[in-house]
Each structure stands twice: as C-alpha cells, then as structure tokens.
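Counted from 1, the sequence shown has number 18 at position 1 by this note's numbering; the numbering is strictly sequential.
Every residue gets a Cβ at the ideal spot worked out from N, C-alpha and C, and that includes glycine.
Each remark here refers to the structure printed beneath this line.
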Amino acid sequence: MTTRTIAGALALGTAFCAWARQEPLDLNGSWEFALAEGKTIEAANNPDFAATDRMSVPGCWDMQPKWLCKRGTGLYRRTFTLSEPVENAWIVVDGMGLRARFAIDGKPAGGIQPFPWARLEIPTGPLGAGSHTIFAALDNVLDWSTQKLALPYYDFYLYGGFYHGVKMVFDNRKLFVRTRDYKTGTVEIEAVDFAKGDFDTTLVFDGRNEVKAAFRNFRATVRVPDFKLWSPASPNLHTVTLGESRSGATATDAQERVPPVVARFGIREIKAEKKRLWLNGEILFIKGANRHEAHPQFGAATPEALMVQDIQLLKSINGNFFRGCHYQQSQRFLDYCDEMGVLVWEESLGWGNNAKQMGDPEYFRLQVEQTRAMVRASFNHPSVIIFAFQNENASQTKEGKKMNDALIDAIRSQDSGRLVTFACNHNMDDLSNENTDLISFNTYPGWIGSNAGTFENQKNLIDAAVTKIVTRYRKLYPEKPIIVSEMGTTAIYGYHDPAAGQGTEEFQLYYNKDVLDRIFADPEMAGLTFWHFADARTYHRDGSNIRSKLLAENMAGIYDGYRRAKIVTVAIKEGFARAAAGESPAK
18 MTTRTIAGAL ALGTAFCAWA RQEPLDLNGS WEFALAEGKT IEAANNPDFA ATDRMSVPGC
78 WDMQPKWLCK RGTGLYRRTF TLSEPVENAW IVVDGMGLRA RFAIDGKPAG GIQPFPWARL
138 EIPTGPLGAG SHTIFAALDN VLDWSTQKLA LPYYDFYLYG GFYHGVKMVF DNRKLFVRTR
198 DYKTGTVEIE AVDFAKGDFD TTLVFDGRNE VKAAFRNFRA TVRVPDFKLW SPASPNLHTV
258 TLGESRSGAT ATDAQERVPP VVARFGIREI KAEKKRLWLN GEILFIKGAN RHEAHPQFGA
318 ATPEALMVQD IQLLKSINGN FFRGCHYQQS QRFLDYCDEM GVLVWEESLG WGNNAKQMGD
378 PEYFRLQVEQ TRAMVRASFN HPSVIIFAFQ NENASQTKEG KKMNDALIDA IRSQDSGRLV
438 TFACNHNMDD LSNENTDLIS FNTYPGWIGS NAGTFENQKN LIDAAVTKIV TRYRKLYPEK
498 PIIVSEMGTT AIYGYHDPAA GQGTEEFQLY YNKDVLDRIF ADPEMAGLTF WHFADARTYH
558 RDGSNIRSKL LAENMAGIYD GYRRAKIVTV AIKEGFARAA AGESPAK
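Have a look at this one:
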C-alpha cells in the first residue's frame, strides 16, 4: 500500500515559496472525466486517459445518474494557467473520497492520499509560468488491503469525488491562535511553516489595531485590543494579520516585502470540571443532534446553502450543538458555525472498529496521523469545542485502550484548547475513558437490541439503560461531565400510525420524548445529542450484518434527507427550551 504521510500532505507542508503574490487559484468547475469501474487507483492511474464525460468539482461522481452507487476510480483532468513561475504550490482539497492521487503535467504530486473527508495540502514542487494540466484519480473502492480507514460495514455511505472543492495556493504559512486568558483577551499566536522562529513584528487585529509582538521559537503572546468573547449567543470573531513587514521572519532578501498572513479566530474557553461543561466561565448544557454531511441528491458534496439551512433548523429547535459524525468536517461548514454561533464536536473517521483492526500497525499509524491533522486543519475555529475519534470502537479491549490513548495524546499534543472524548457504546466494560475529558455514551434501548413493547415498557427500558450507564461512569469518574452522544430511533417521513407502530413518526415522537424526559430530569447529565439530524444514505444493498436499512437510509433523522421536519421536532424544540441559558434543566 503506497501512501504519503499526513504530515506532508494534510497539515505541515514545507517552506513558503519565494513570497509569490499569486492569489489562490480556484480549480472548481468542469473537469474532463471518465470512470474506471471496479478498478483501484493503482490499476487506473493514467493521466492520459480518454475522457468520456464532464464532472463538476465539487461533486460526488457516484451520485450522478450515469454512475449512481458504482465503485471504482474516477479520473479527472483540467488545465490551469500561472502568470509567473513559482518554487512551490499546494493542491488544497476540502474533503474527498476515498483515496486520491494527483499529477501535474504528468509528474506525480505526492503519493496516494488515503484520508477520506480530510483537508489535504499536497505540495507540487516548482511550476513554470504558462499552461499546466492537473490530473486526479479518486477511488471509492472498499478493500482493506488498500483502504483501511473506510470499511464496507460503516453505517453511512462512502462517496467518491471531491466533496467541497479544490484550489491551488502559493503560500502555506499559517497562524494558529490559542486563547490563554479569555478574561483579558490574551492569546498566543504560533507562526506555522515560517522559515525562522525568532523575529519581532507588528500584528494588526481586526484591520486596525496594531500590537508589537516578539516571536520566539515561532510563538508570541499578546492581548487582543477591544476584544469580544465568542459564544453561541454572541459569535464574535477577530482577525489577526502578520505583515506586511521587512522582518527577518521569512524573507531572504531585505528588500523583499513579505506577503501578509491572516487568521480568523474567536476568544473563548471550554472546560470540563465538577460534572459540568463550562464556556467562558458559565455552565454549558449541550442540546443538539448528530449531523452527517449528506443529502439525497448531492451525497457528501453538500452545497453551502444546505449548511446554512441545517444551522438555521438546529437553532429553530433551540439547539446549540452539532456532533459532526463520523469524520472530519468541511472547513466551510465550520466557518458558518463560527459565524452563526453553533458548537461543534469534530471527530476523525472510524466506526465500530474492532480489536484486530485497532491492533493493525498501518491502521494505527493512519488513525494517529489523520487525527492530529484534523486538529491542525480546524485549529482556529472557535465553534469546535470537542475533538474526538473512532465512533463506537472496541474501547473495552487492550488494543482499543492503547489506540484510544494514542489518539488522545495526538489531540492534546497540539494544545488546541479543546476537550477530548469519543462516543462509547461499550459502556459496561469500557477501559478507554480513563484519560478523556468527558464521558460520551451511545445507547438505543427499545430500538436496537431490545423491543420497545408497551409505552410504559419503552419508558422503563430507557430509564434503566441510562441509569445503569450513568451509575457505572459516575462511580469510576466522580467529577467528569457525562453527555449522551447518541440516542434516538427511526421514523419514515410521512408514515403515521395512531398506535405509534415502529418506524412511524409517532413511534419516534414518543421515544424521543421519553429520552428528553429522562436525560433532562437527571442532574448528573451535561448534555444530549440526538441520533440524528437528517436521514442519510447508508449501505445501499448490504448491511444485514449490522441491521437492515429500509430504503438504504438511516432514517433516525428528526428531519428527512430533504430537511422536511418530522413531528418529533416540535417536542424537541419544547424540550430544548428547558435548557435555555445553559444550566442543566434538572437543576
């Protein structure tokens, strides 16, 4: 299996190239295309392929009528023009599936990228002025020997294509901003991928406020003038600009002016202590839903208008939180969450991974690399308050414990100011929550693994399951906050039954009302995240080894795939209103 390490491809890059002032190059739009059906990248890697069609970028090729739900390698090609030569450039991809390989003018750019949904930054090497041809091969083949991070049994559809666009940039320097004291507006700024780490400069905040800064070992601590805190109620954002300057930060020629580097950020603090979550010193109660980046027409290539719609719908039911399941989130989606005041849990790709997989050295390496890179890609998004990994993994095994501790360390090593957890379903024998910041559990009494029975029996099943789980975790971890990361049940939009038969909107309504009543009555709980926000495509024609999925969808959404509200949204809106300002509704 040929791969390029994530350090080179996803996050770190190399030195900035010759202070080129060329603006980022948008590579979205129409590309030449052909599908090599049933073939992997290795078998179909041919920059000179004979194009048969056109394909849009962004877009999932396996959601188009001609290639609907097919597997293989999508071959892409287009030209672009540079007005001047550059010493290096970076192909930036905001999510793709499931593996990618690129070439410029027939020359490989990086190796195979095996990181679905991740933000890729792939160095191209020197490029001359004039016309160039970029080639991309993207495969969605599900084969453990070539793709260890996306597996056939995952309970969500694994799409092929560019999810949220491609561009080429000519400066890979970044600024990471860490809140060090939210009360005084003190932040630490890290200069990432700068040639020198020690320099004095002037930072400009919000385009007007200048602050002198002394960078030592790539870091400087300053106070933000006229700062305002970020929160869901007041999603205030700031910008910081480094440059233009003649400092020795990066320039090799004293006469050369260094192009500015700009970062947008928010000042806020998230903490977990005394059984509670705290945002900027105030108690935070999480009210939200799990959200797949999916739509019946567009697959994972969701348009920005849909992102805005989802945020508005969440806020309309008094929600404040999305768990981004079960992979890295689009940077554009996180931008909107920053701007519109929605809290986010972001996690690296994984679903139900077993001890054998977690003990595989290559799988282990890829998990650590993608998780570390996720943190760096989303570093400056104040909306992201939790980083997580590997939904419902084998956390009760020694292999699971070893990997989970490594992923916790990978997140904390970046010092991003986020909480660390994972969604656990081995709640009675879990070994891996020893080092997390909060406990997050998934459970489905009366839907998965047991029959709901009568209305009273359903209520009792939910109560008994939650009581048993919370009692165990509270005994083991007396001070850690506990949240529900998944509870809910299925409902087919438009199907009704006065007797609330399973699969109807009434069944979901009464089930989720019982969940609301149980969780919101418990002073031990710090939040509830329903499974899930909107119906999403899953196995297609498989899935019997997990549980059958009618219409090839996970229909536990409180909205259907087209965002039509099910009747349960009314009850959730009323329930979430009980936790209006943040305090647990049970207090």
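Please classify Y171 as buried or exposed, where buried requires at least 16 neighbouring CB atoms within 10 angstroms. As a working mapping, residue 171 is identified with position 154 in the sequence shown. Buried.
Classify Q374 as buried or exposed, calling it buried when 16 or more other Cβ atoms lie within 10 Å of its own Cβ. The sequence position of residue 374 within the sequence shown is 357, counting from 1. With 16 or more Cβ atoms within 10 Å of its Cβ, Q374 is classed as buried.
Contact belief for H312 with N408 at Cβ below 8 Å, rounded distance in angstroms: Counting from one through the sequence shown, the residue named residue 312 turns up at place 295. Counting from one through the sequence shown, the residue named residue 408 turns up at place 391. H312 to N408, Cβ: 21 Å. No contact.
Given R491 as reference, the closest of M445, Q475, I58 once Cα atoms are compared: Within the sequence shown, residue 491 is the residue found at index 474, counting from 1. That would be M445, whose Cα lies nearest to the Cα of R491.
Taking 7 Å as the limit between beta carbons, can you name the residues of its chain near V194, skipping five residues before and five after? In the sequence shown, counting from the first residue as 1, residue 194 sits at position 177. The residues are V204, I206, V257, A280, F282, N397.
Give me the residue from S347, L296, V158 with the minimum Cα distance to G434. Position 417 of the sequence shown, counted from the start, is the residue given in the question as residue 434. When only C-alpha atoms are compared, the closest one is L296.
Distance, L424 Cα to F381 Cα: As a working note, residue 381 is residue 364 in the sequence shown. As a working note, residue 424 is residue 407 in the sequence shown. Straight-line Cα distance between these residues: approximately 9 Å.
According to DSSP, is F524 part of a helix, a strand, or is it coil? For the purposes of this step, residue 524 is taken as residue 507 along the sequence shown, with counting starting at 1. F524: helix per DSSP, three-state reduction.
Note down, one range per segment and in chain order, each beta strand (DSSP E) of at least 3 residues found wholly within the segment 32-90. 46-54, 70-74
Run the CB neighbour count on W161, radius 10 Å, all protein chains shown included, and call it buried at 16 or more, exposed below. Here residue 161 refers to the residue found at position 144 when the sequence shown is read from its first residue. W161 comes out exposed.
Considering only their Cβ atoms, is the gap separating I129 from R136 smaller than 7 Å? Here residue 136 is taken as the residue at index 119 of the sequence shown, counted from 1. Here residue 129 is taken as the residue at index 112 of the sequence shown, counted from 1. No, Cβ-Cβ distance for R136 and I129 is not below 7 Å.
For A311, the residue or residues it bridges with in DSSP: Numbered from its first residue, the sequence shown carries residue 311 at position 294. Bridge partners of A311: none, in fact.
Which same chain residues, not among the five before or five after C354, have their C-beta less than 6 Å away from its C-beta? As a working mapping, residue 354 is identified with position 337 in the sequence shown. Same-chain partners within the cutoff: V361, S400.
Extent of the continuous beta strand (DSSP E) to which T555 belongs: For the purposes of this step, residue 555 is taken as residue 538 along the sequence shown, with counting starting at 1. Where T555 is concerned, there is no enclosing beta strand (DSSP E), given that its DSSP letter is neither H nor E.
On a Cα-Cα basis, can you pick out the residue from F232, D480, R225, A231 that is closest to D243? By one-based count along the sequence shown, residue 243 stands at place 226. Checked all of F232, D480, R225, A231; the closest Cα to D243 is R225.
Is D79 near the ligand PLP, going by C-beta to nearest heavy atom under 6 Å? Summarising the ligand content, the structure contains no ligands, and the ligand PLP is consequently not present.
For the segment 434-505, list the alpha helix (DSSP H) runs that are entirely contained and at least 4 residues long, ordered along the chain. 472-493
With a CB to CB cut of under 6 Å and the five nearest residues on each side skipped, what residues in its chain are close to D122? Within the sequence shown, residue 122 is the residue found at index 105, counting from 1. Excluding residues within five positions, the ones whose Cβ falls inside 6 Å are H149, T150.
Starting from K229 and walking both ways along the beta strand (DSSP E), at which residues does that stretch end? Position 212 of the sequence shown holds residue 229. Counting along the chain, the beta strand (DSSP E) containing K229 begins and ends at 226-232.
Do you know how far the Cα of F179 is from the Cα of L677? The requested residue 677 does not occur in the structure, where the chain is confined to residues 18 to 604.
Could you check where the beta strand (DSSP E) with F406 kicks off and where it finishes? In the sequence shown, counting from the first residue as 1, residue 406 sits at position 389. Where F406 is concerned, the enclosing beta strand (DSSP E) stretches over 401-408.
Spatial neighbours of K418 within its chain, please: CB distance less than 6 Å, with the 5 preceding and 5 following residues excluded, ordered by chain position. Position 401 of the sequence shown, counted from the first residue, corresponds to residue 418. Taken in chain order, the residues that qualify are L448, S449.
Leaving out five residues on either side along the sequence, give the residues of the same chain with a beta carbon under 6 Å from the beta carbon of P495. Taking the sequence shown and counting its residues from 1, one reaches residue 495 at position 478. Here the set comprises nothing.
Backbone CA spacing between Y1 and I300 [nearest angstrom]: Lying before the first or after the last residue shown, residue 1 is absent from the chain, which here runs from 18 to 604.
Buried or exposed, going by whether 16 or more other CB atoms sit within 10 Å of the CB of V359? The residue you call residue 359 lines up with position 342 of the sequence shown. The residue in question, V359, is buried, as its Cβ has 16 or more Cβ neighbours within 10 Å.
Are M72 and F50 closer than 7 Å when you measure CB to CB? Start at 1 with the first residue of the sequence shown, and residue 72 comes out as number 55. Start at 1 with the first residue of the sequence shown, and residue 50 comes out as number 33. Cβ distance < 7 Å, so M72 and F50 count as in contact.
Could you check if K583 is buried or exposed, using at least 16 other CB atoms within 10 Å of its CB as the buried criterion? The residue you call residue 583 lines up with position 566 of the sequence shown. By the neighbour-count rule (16 or more Cβ atoms within 10 Å), K583 is buried.
Suppose you measure from the CA of T506 to the CA of V74; what does that come to, to the nearest Å? As a working note, residue 506 is residue 489 in the sequence shown. As a working note, residue 74 is residue 57 in the sequence shown. Those two C-alpha atoms are separated by around 35 Å.
Quick one: is V587 buried, meaning 16 or more other Cβ sit within 10 Å of its Cβ, or exposed? Counted from its first residue, the sequence shown places residue 587 at position 570. It is exposed - the Cβ of V587 has fewer than 16 other Cβ atoms within 10 Å.
Classify L330 as helix, strand or coil using the three-state DSSP reduction. One-based indexing of the sequence shown puts residue 330 at position 313. L330 falls in the helix class under three-state DSSP.
Along the chain, where does the beta strand (DSSP E) that runs through G574 open and close? As a first step, residue 574 must be located in the sequence shown, where it is residue number 557. From DSSP, G574 is part of no beta strand (DSSP E); its letter is neither H nor E.
Among S333, V501, A573, E101, which residue has its Cα nearest to the Cα of A543? The residue labelled residue 543 in the question sits at position 526 within the sequence shown. Out of S333, V501, A573, E101, V501 has the C-alpha closest to the C-alpha of A543.
From L455 to F302, what distance separates their C-alpha atoms? By 1-based counting over the sequence shown, the position of residue 455 is 438. By 1-based counting over the sequence shown, the position of residue 302 is 285. Cα-Cα distance, rounded: 13 Å.
Indicate the three-state DSSP secondary structure (helix, strand or coil) for K373 in the structure shown. Here residue 373 is taken as the residue at index 356 of the sequence shown, counted from 1. It is helical.
7 Å Cβ cutoff met for A146 and E104: In the sequence shown, counting from the first residue as 1, residue 146 sits at position 129. In the sequence shown, counting from the first residue as 1, residue 104 sits at position 87. Taking 7 Å as the Cβ cut-off, A146 and E104 do not qualify as a contacting pair.
If you follow the beta strand (DSSP E) that G316 is part of, which residue opens it and which one closes it? If you number the sequence shown from 1, residue 316 lands on position 299. That residue, G316, is in no beta strand (DSSP E); it is neither H nor E in DSSP.
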